[in-house]
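Participant: Numbering (our numbering), first residue to last: 64 to 159.
Structure incoming, see below.
In structure tokens, the structure reads:
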């Protein structure tokens with residue numbers, strides 16, 4: 064069993080309010096949960112309206128499945144938002 068952890072930082076330079084940011088974040092989070100059956104939350108920079116930091120966690124059966132799922136998640140985010148991907152931190156943890 065592998066536990067995958069991803070922290071993705073996005074910049075949405077056109078956002079001018081926290082309300083507008085919240086709408087974008089909720090949309091991204093809900094679409095990720097529906098498509099990949101993973102845990103997703105905004106984990107940092109909640110008060111900065113042009114920065115979005117999303118934390119993702121999931122459990123996979125093997126290393127290859129975890130790697131493939133990570134790549135699919137990142138591609139999905141890049142294709143489904145106008146925000147610019149600034150940083151991606153990935154980690155696979157061996158489960159019990």
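C-beta: ideal position from N, C-alpha, C; glycine also.
None of these values were measured; they are calculated from a predicted model.
Here's a check: name, in chain order, each residue in its chain whose Cβ is nearer than 8 Å to the Cβ of residue 22, leaving out the five neighbours to either side.
Facilitator: Within the shown structure, residues of the chain are numbered from 64 to 159, placing residue 22 beyond reach of any answer.
Participant: For a quick check, are the C-beta atoms of residue 73 and residue 120 less than 9 Å apart?
Facilitator: no
Participant: Kindly indicate which residue of 157, 144, 155 has the alpha-carbon position closest to the one of residue 84.
Facilitator: 144
Participant: Report back the beta-carbon spacing between residue 78 and residue 113 to the nearest angstrom; my notes put them in contact at under 8 Å.
Facilitator: With 8 Å as the limit, residue 78 and residue 113 qualify as a contact, their Cβ atoms being about 5 Å apart.
Participant: Please report how far the alpha carbon of residue 149 lies from the alpha carbon of residue 71, in whole angstroms.
Facilitator: 8 Å
Participant: So is residue 142 buried or exposed if we call it buried at 16+ other beta carbons inside 10 Å?
Facilitator: exposed
Participant: Tell me which same chain residues have a C-beta within less than 7 Å of the C-beta of residue 123, skipping the five on either side of it?
Facilitator: Cβ neighbours of residue 123 beyond the five flanking positions: 65, 67, 129, 132.
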